[in-house]
Each structure stands twice: as C-alpha cells, then as structure tokens.
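Q: Protein chains in written order, with the working numbering: chain A, 2 to 245; chain B, 625 to 912. The beta-carbon is built from N, C-alpha and C at its ideal position, and this holds for glycine as well. These numbers come from a predicted model, not from an experiment. Have a look at this one before I ask anything.
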Amino acid sequence: MADPALVFDNLTLGYDRHPAVHHLAGTIRHGALLAIVGPNGGGKSTLLKAIAGRLSPLGGSIVHGTRTLAYMPQIGDLSRDFPVSVLDLALTGLCSREGMFGGFSRKQREDALNAIAAVGLAGFETRSIRTLSGGQLQRLLFARMMLQDAELILLDEPFTAIDTRTIEDLMVIVHRWHEEGRTVVAVLHDLDLVRQHFPETLMLARDPLGWGPTAEILTPQRLADARRMAEAFDRNAAECHRAA
Amino acid sequence: MVYDLLIAPFVEFPFMKRALVGGIAISLGAAPIGVFLMLRRMSLIGDAMAHAILPGAAIGFLIGGLTIGTMTLGGLIAGLGVALASGVVARSTLVKEDMALAAFYLISLALGVTLISASRNNIDVLALLFGSILALDDATLLLIVSAASLTLAALALGYRGILMECLDPGFAAGVSRFGSIFHLGFLVLVVLNLVAGFHALGTLLVVGIMMLPAGTARLWSDDVAGMIGIAIPVALVSNLAGLMVSYHLGLASGPAIILVAGGLYALSLALAPHGLLRPLLPKRHLEA
Chain A
2 MADPALVFDN
12 LTLGYDRHPA
22 VHHLAGTIRH
32 GALLAIVGPN
42 GGGKSTLLKA
52 IAGRLSPLGG
62 SIVHGTRTLA
72 YMPQIGDLSR
82 DFPVSVLDLA
92 LTGLCSREGM
102 FGGFSRKQRE
112 DALNAIAAVG
122 LAGFETRSIR
132 TLSGGQLQRL
142 LFARMMLQDA
152 ELILLDEPFT
162 AIDTRTIEDL
172 MVIVHRWHEE
182 GRTVVAVLHD
192 LDLVRQHFPE
202 TLMLARDPLG
212 WGPTAEILTP
222 QRLADARRMA
232 EAFDRNAAEC
242 HRAA
Chain B
625 MVYDLLIAPF
635 VEFPFMKRAL
645 VGGIAISLGA
655 APIGVFLMLR
665 RMSLIGDAMA
675 HAILPGAAIG
685 FLIGGLTIGT
695 MTLGGLIAGL
705 GVALASGVVA
715 RSTLVKEDMA
725 LAAFYLISLA
735 LGVTLISASR
745 NNIDVLALLF
755 GSILALDDAT
765 LLLIVSAASL
775 TLAALALGYR
785 GILMECLDPG
795 FAAGVSRFGS
805 IFHLGFLVLV
815 VLNLVAGFHA
825 LGTLLVVGIM
835 MLPAGTARLW
845 SDDVAGMIGI
855 AIPVALVSNL
865 AGLMVSYHLG
875 LASGPAIILV
885 AGGLYALSLA
895 LAPHGLLRPL
905 LPKRHLEA
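Rendered as structure tokens:
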C-alpha cells in the first residue's frame, strides 16, 4: 500500500458544525472495489461528496493518489427535459479529457457509440433523453462515465429504483472498471449485491463501524449496531475533543 | 404596389434603413441568447436584468447627458454588477439564483429611481423604457452591430460549455474548471445584448425580441441548433414586419416589432408540432 488511491486522515465531515462522518481514518488502495453501506443519514453520500471535492472537511483531510475522478451523485443536476440526444449526452463524458472546445474525432464518436452499446442502449443514439425511463437514463449515465475514463469512480446509490436486469448489466460495467485497475467506491443499500460483488466494505453510521473484507464486516452484530445510530443531530451536543 | 409596400420605406427614408440594420443586428445577437436563457429556465431573468440596467443608464444620462457613451457604460456597469454579484451569491450561499437576482435588481432599480428624482433632471423615462429605433445614430448602430458580432463569436466559441452548463451544471463543474466561467460569461452576453438593444427597443421591450422568438422556436424544434436556427429568422421577420406595420399604420415601431413577434408566437402555439392543436389531431400510435 505504498501508493494508495485515497487516504482519509482523521476525517470529519458535516453540516453546520454537526458531524455526518466522524473521525474516519483509513486508506483505499489503487484498484479497490469498495462498497460503503450504512443507515440513511450515516454519512455515505457526504463522504463521496467530499471525495469529489464538493464539500470541505470540518476536520482532518483527504489525500488523493489518483489524478482523475468521475462522480455520480445520488441526485444529480441533470435537467431531464433538456433537448439533447443520448449520443450527445454520452459525448459530454469526453469533456473531462478533451475540454470544452474543439470537435470530437471519428474515433471518439466510435468510442461513444461503443459505450452506449455496452450499457445496452444500442438503437437509442438519436433519442431525446426526455423519452428515457429511469433505468435507461441510468444506463446512459454509466456510458458517460465510461467515456470519462477516470482512475477513481464514485457511485452514489447507482441502483436505486433500478430493476434486476439493469443492475446485472451495469454490474458487468463495474467489474470491467475493476478489471481495468480503476478504483471503484460505491454507496449501496442492497447487502446481497454487496456480498456478491464487492470484496471490501466500509460500514458507516456517522462513526466508522468497520472496514475490511465484506464477509467480516456484514455481520449481524454490526448491522444491529448500525441500526442504533441516532439520525438527528443533538442540538445541545458538546464540542468534540477526541484526539487525532 | 409590392415595392411601395415592402421596399420603398427603407429606400426613401434613411431613418428606416438605420432602423432595419439595427433590428437585424439585434435579432442576430439576442435571439440565440434567448434560446439559451429559455433552456436554462431563466426566461424571466432577461426582464429582471433589464430593470437592473435602467438605473445604470439613467445615472449615465445624468452624468453625461443623452450621449450613447455614458448611458451604455452606466447600463453595462449596473447590469454586469448585478449579474456577477447574484452569480456569486447563488454559488456560495443558500440563496438561489432567482432570489439573488431579484434582490440585486430591486436594489438597483430603487437606487436608480432615487438618484433620478433627487437630481430633478427631466429625463425621458419613456424613451429608456421603450426605446427609439427610428432615431439610431451612427455611434448607436456601431454599438449594436459590435455587440451582435461579439455575441455570435462568443456563442460559437463557448457553445459546448454553455450547453453543458445548462444541461448538467454539477457535471460541468466536475469535468472543467471553466464550469462557472461559462455561466458568468453567458450572463455577461445577456447584459451586453440588453444594453445594446435598449437604445432601439428600450429596456423593457428588448427582452421581447430576446425571448419571444426563442419561445416560438421551442414550439417548432426539439433540438438546440434547430431552435437557434428558427429563433434568428423569427426575430428578423418580426423586425422587418414590425417596422413596415409601424410605417404604414403610423404606430410606435418598438411595440409593433414585439407585437409581430408575439403574433408569430401565438400562431406557432396553435400550429407548431409541439403546440396546442397538434394533440387534437390524433394519429394512430405505433406498434413499438
């Protein structure tokens, strides 16, 4: 672990001084396939947001060992009724490398068409995104992510309200990313899916409850602990003086 | 007959010729800007910005009199100030863009009106509000044409960035450090076009030539490039037809132009593929 993809150093994240992630320490190695599980309000999305650089820590730090990252938020800013075609939306994934100016080569268009086919949307290329179902749109967002070609991939509940067949198809893409040596961090609620596909798990209920091989983390005892977390912030909470 | 009706006014009267050139230039710049504003769901922002510009132009008038230089500069400073300040507030506080803009333009408007009434100078507010397209001098025409050229060049260069910033702002910010630059740059273009256009159509009506062709285009096309391709000719036709109507019927020209644009919008609302009447002519649905 000489050169980890991410290092969390005594990381505390939160809102209005209240912690949502409390004193998290650890490293994610290059090429890891890590699931983050835990109750609602446990700080999972907050952690991804901070890794993506959209939120500054209340304390501690995040050190990046990768140069590029792609982030799929749980609720994105995408305006779904925008008049844009499936192909054009996928092509925006190339902008992280190619910038906002200049045309795309024939090869890059080819790559985009291949990505669209890989997520099972062949034949949808010229369709307006307005006409896509939730699952189809999620497939398209995966295609856009493929084209981003990032070393670190952050997925925040990518399979919520998605049917089994689509999840299976998209997990193939996740495994492909893993085989390509990319680091994948996914927030998930489906524990069977986590057991089946993710070698490592971080359980987060504000405080980190466990981090390691999935089978050792998803134990009945820990799951019960996670359910006991008090979601609401304590308005009279004292200042935290826990040592680093 | 056709010559008398359509061509003679523009040949015989230099002020009509100037009005036509000014109108064409305004259409070329403002119509595509309107399309982007509409796609960003900022259709009413133009109106707010126009109110923000008014006091700036009025203060410029108080300082330099009825000269294009100070009035334009005043309008630009007021408009850009409001656009940038509200952009910063929207991005760094919980106040969203519409509220941020509303706050700044209302302050700007009240400040402007206060300054004007305190000076006791007899300013022609009607000319500021509704413009004087029949009285464009060389300097004003130059300003309008330059603004339109700059707008078209900037839109061509920043097309992808502005579109991505409309489509998925979070994603655009993630993949490019220029994310918010595109947004702010676009707001600058909005202000520039409003300031250039207000000499001809006034601060209030200039928003009409920006937004009505865009709304019309949306009814005919479901494609951004297509919308721009429709909005520009609609704006051009509105200008030409509006000037002719005002000439032959002796009506105020600015409002006549906007009324023609409004008429084209109403017509499209009825007839266009994405309009009101199309669902009343049902076709059988397809197999799959």
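(1) Which whole-angstrom value describes the C-beta separation of A649(B) and I677(B), a residue pair presumed to lie in contact below a C-beta threshold of 8 Å?
(2) Which ranges would you report for the alpha helix (DSSP H) in the segment 35-94 of chain A if only whole runs of at least 4 residues count?
(3) Go ahead and label C790(B) buried or exposed: buried means 16 or more other beta carbons lie within 10 angstroms of its beta carbon, across all protein chains shown.
(4) Just checking: is the beta-carbon of F660(B) within a distance shorter than 7 Å of some beta-carbon in chain A?
(5) For the beta strand (DSSP E) that Y16(A) lies in, which residues bound it at each end?
(6) Could you check whether the Cβ of P159(A) sits closer than 7 Å to any Cβ belonging to chain B?
(7) Using Cβ-Cβ distances below 9 Å, what residues of the segment 827-852 of chain B are close to chain A?
(8) How far does the beta strand (DSSP E) with A21(A) in it reach, from first residue to last?
(9) Quick one: list the residues of chain A neighbouring S800(B), beta-carbon separation under 8 Å, in chain order.
(10) Rounded to the nearest angstrom, what separates S892(B) and D671(B) at their Cα positions?
(11) From the DSSP output, which residues share a beta bridge with G213(A)?
(12) Taking P638(B) as the reference, which of G826(B), P793(B), D762(B), V884(B) has the closest Cα?
(13) When the Cβ atoms of the segment 718-726 of chain B are set against those of the segment 836-855 of chain B, are three or more pairs found closer than 8 Å?
(14) Among residues of its own chain, excluding the 5 on either side of L767(B), which ones have a beta-carbon nearer than 8 Å to its beta-carbon?
(15) Could you tell me which residues DSSP puts in a beta bridge with L155(A)?
(16) Could you tell me whether the Cβ of V188(A) comes closer than 7 Å to any Cβ of chain B?
(17) Secondary structure at D208(A), three-state DSSP: helix, strand or coil?
(18) Label V712(B) either buried or exposed according to how many other C-beta atoms from any shown protein chain fall within 10 Å of its C-beta, with 16 as the threshold for buried.
(19) What's the gap between the Cα of F795(B) and the Cα of A151(A)?
(20) F685(B): which of A632(B), L774(B), G699(B), V814(B) sits nearest, CA to CA?
(21) Please determine if the segment 196-211 of chain A and the segment 30-45 of chain A are in contact, where contact requires at least 3 C-beta pairs separated by less than 8 Å.
(22) Determine the contact status of A674(B) and V815(B), defining contact as a CB-CB distance below 7 Å.
(23) Using the Cβ count rule (16 or more neighbours within 10 Å means buried), how would you classify C96(A)?
(24) Can you tell which of L7(A), E158(A), M230(A), L14(A) has its C-alpha closest to the C-alpha of M73(A)?
(25) Mapping the DSSP letters down to three states, classify S862(B) as helix, strand or coil.
(26) On a Cα-Cα basis, can you pick out the residue from L787(B), A778(B), V831(B), L739(B) that is closest to G680(B)?
(27) Within the 7 Å Cβ cut-off, does L84(A) reach chain B?
A: Put simply:
(1) Numbered from 1 along the second sequence, position 25 holds the residue referred to as residue 649(B). Numbered from 1 along the second sequence, position 53 holds the residue referred to as residue 677(B). Rounded, the Cβ-Cβ distance is 18 Å, inconsistent with contact.
(2) Fully enclosed alpha helix (DSSP H) runs of no fewer than 4 residues occupy 45-52, 87-92 of the segment 35-94 of chain A, in order along the chain.
(3) Position 166 of the second sequence, counted from the start, is the residue given in the question as residue 790(B). So C790(B) counts as buried.
(4) Reading the second sequence from its first residue, position 36 is the one you call residue 660(B). When Cβ-Cβ separations below 7 Å define contact, F660(B) makes no contact with chain A.
(5) As a working note, residue 16(A) is residue 15 in the first sequence. Run containing Y16(A): 7-16, per the beta strand (DSSP E) assignment.
(6) Walking along the first sequence from the start, residue 159(A) turns up at place 158. For P159(A), the answer is no, since every Cβ of chain B falls outside 7 Å of its Cβ.
(7) Hits within the stretch, in order: R842, S845, D846, D847, V848, G850, M851.
(8) For the purposes of this step, residue 21(A) is identified with residue 20 of the first sequence, where counting begins at 1. Taken as a continuous stretch (DSSP letters only), the beta strand (DSSP E) holding A21(A) covers 19-29.
(9) Residue 800(B) sits at position 176 when you count from the first residue of the second sequence. Correct list: C96, S97, G100, M101.
(10) The residue labelled residue 892(B) in the question sits at position 268 within the second sequence. The residue labelled residue 671(B) in the question sits at position 47 within the second sequence. Between the alpha carbons of S892(B) and D671(B) lies a gap of roughly 23 Å.
(11) The residue given as residue 213(A) occupies position 212 in the first sequence. DSSP, once it has assigned bridges, lists T202(A) as partnering G213(A).
(12) Taking the second sequence and counting its residues from 1, the one referred to as residue 638(B) is at position 14. The shortest Cα separation from P638(B) among G826(B), P793(B), D762(B), V884(B) belongs to D762(B).
(13) They do not touch, by the three-pair rule.
(14) Taking the second sequence and counting its residues from 1, the one referred to as residue 767(B) is at position 143. Contacts found: I692, T696, A820, H823.
(15) Working through the first sequence from its first residue, we reach residue 155(A) at position 154. Residue pairing of L155(A) in beta bridges, as defined by DSSP: Y72(A), V186(A).
(16) Here residue 188(A) is taken as the residue at index 187 of the first sequence, counted from 1. Not closer than 7 Å to any Cβ of chain B, the Cβ of V188(A) fails to qualify, so no.
(17) Translated into the one-based positions of the first sequence, residue 208(A) becomes position 207. Secondary structure at D208(A): strand, using DSSP grouped into helix, strand and coil.
(18) Translated into the one-based positions of the second sequence, residue 712(B) becomes position 88. It counts as exposed.
(19) Residue mapping note: residue 795(B) aligns to position 171 of the second sequence, counting from 1. Residue mapping note: residue 151(A) aligns to position 150 of the first sequence, counting from 1. If you take the alpha carbons of F795(B) and A151(A), they lie about 14 Å apart.
(20) Indexing the second sequence from 1 puts residue 685(B) at position 61. For F685(B), the nearest C-alpha among the options comes from G699(B).
(21) Short answer: they touch.
(22) Locating residue 674(B) in the second sequence gives position 50, counting from the first residue. Locating residue 815(B) in the second sequence gives position 191, counting from the first residue. No, these two residues do not count as a Cβ contact at 7 Å.
(23) Reading the first sequence from its first residue, position 95 is the one you call residue 96(A). By the neighbour-count rule (16 or more Cβ atoms within 10 Å), C96(A) is buried.
(24) Your numbering for residue 73(A) matches position 72 in the first sequence. Nearest of L7(A), E158(A), M230(A), L14(A) to M73(A), Cα basis: E158(A).
(25) Stepping through the second sequence from its first residue, residue 862(B) is reached at position 238. It is helical.
(26) Position 56 of the second sequence, counted from the first residue, corresponds to residue 680(B). Measuring from the Cα of G680(B), the nearest candidate turns out to be L739(B).
(27) What you label residue 84(A) is simply residue 83 of the first sequence in a count that begins at 1. The sequence shown places Pro at residue 84(A), not Leu. At a cut-off of 7 Å, the C-beta of P84(A) has a neighbouring C-beta in chain B.
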